[in-house]
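Residues in the sequence shown are numbered consecutively from 1, following the numbering used here.
Notes follow the structure.
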Amino acid sequence: MPPRLELAGMRFGRLIVLEVHDQDAGRAYRWKCRCDCGAEAIVRGGHLKAGVTQSCGCGIREAASRPRTHGQAHTPLYKRWRAMIERTRNPNASEYHNYGGRGIKVCDQWQSFEAFAADMGATFDEVLTLERRNVNGDYSPENCYWATTKQQTRNRRNNHVIEWSGRRMVVTDWAELLGLKPNTLIYRLRRGWQLERALTTGANPEALLALANGPTSGGPVASGNYLTRE
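Dropping the structure here:
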């Protein structure tokens, strides 16, 4: 791996780097920093250099507390925007490890709520959630759309594809078809259940009959690679 960059004494936004702290699971160096507000934070060096993390979180909180001229600070659309900013920039946010912790950022344009509202407000509905087409990509107009909860579940990066009985679908779709819970299927397969047993135990009999009478009328045949990542 490349040699460690010496960041001690450098300033990144409100943060002054004090010393190297440790290495995370990916062997990236994390640094102990002191914020201008007096608090300390542990931040990955890559996030400091990329400008992803520039405070202990106080800057985000201060920005949220300032009066807003757009008058939408309490609207569902604004709350979606704030949640997006928090999970990509605030290391103390509960979902940061899945977003900012993986290097996912908000594009420069959407640092402004007004710009975000101009791009996404017309198609927004309270029952929808903000989704990215490329789950490893940043939040931007080109990569985002409003999705139902079901659509978002299908697009999760840990969703699995199962090939069985002449069909290839993600776990969510198999569960819906067979009347099972997605987590139940994943648990069974990870426990080493045979594919046919995992899919048929407790399944809707009518759905199983329809599958048996489908393209593979000779009986369901399990694929050798039945649990893969999309």
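All C-beta atoms, glycine included, are put in the ideal place defined by N, C-alpha and C.
Those residues which DSSP pairs with residue i across a bridge
| i | result |
| --- | --- |
| LYS32 | GLU19 and ILE42 |
| PHE12 | LEU15 |
| TYR145 | GLU131 |
| TYR139 | VAL106 |
6 Å CB neighbourhood of residue i in its chain, flanking five on each side removed
| i | result |
| --- | --- |
| VAL17 | LEU7, ALA8, MET10, TRP31 and CYS33 |
| LEU177 | ALA207 |
| ARG157 | In this prediction, ARG157 has a pLDDT of 47, which is less than 50 and means its spatial position is unreliable; what the coordinates show is noted afterwards. Excluding residues within five positions, the ones whose Cβ falls inside 6 Å are VAL135. |
| ASN92 | GLY57 |
Beta carbon of residue i nearer than 8 Å to that of residue j
| i | j | result |
| --- | --- | --- |
| GLY13 | SER55 | yes |
| GLY202 | LEU180 | yes |
| ALA117 | GLN109 | no |
| THR200 | TYR139 | no |
| PHE113 | TRP81 | yes |
| VAL43 | LEU15 | yes |
| GLY46 | ALA25 | no |
| MET84 | LEU48 | no |
Sequence-distant residues of the same chain with beta carbon closer than 7 Å to residue i, five excluded per side
| i | result |
| --- | --- |
| ALA198 | LEU185, ARG188 and LEU189 |
| ARG132 | TYR139, ASN143 and CYS144 |
| TYR78 | GLN72 and PHE113 |
| GLU95 | ARG87 |
| CYS107 | ASP138, TYR139 and SER140 |
| ASP36 | ARG14 |
| TRP174 | ILE162, LEU185 and LEU199 |
| HIS21 | ARG30, TRP31, LYS32 and ILE42 |
| GLY121 | LEU77 |
Neighbourhood of residue i by C-beta distance below 8 Å, restricted to the same chain and skipping five residues each side
| i | result |
| --- | --- |
| ARG19 | Just to set this straight, residue 19 is Glu in the shown sequence, not Arg. Answer for GLU19: ALA8, TRP31 and LYS32, listed in chain order. |
| MET169 | VAL161, ILE162 and LEU177 |
| ASN90 | GLY57, ILE60, TYR96 and GLY100 |
| LEU128 | TRP146, ALA147 and THR148 |
* Quick one: any contact between the region 27 to 38 and the region 72 to 92, if contact means 3 or more CB pairs under 8 Å? -> The region 27 to 38 is not in contact with the region 72 to 92.
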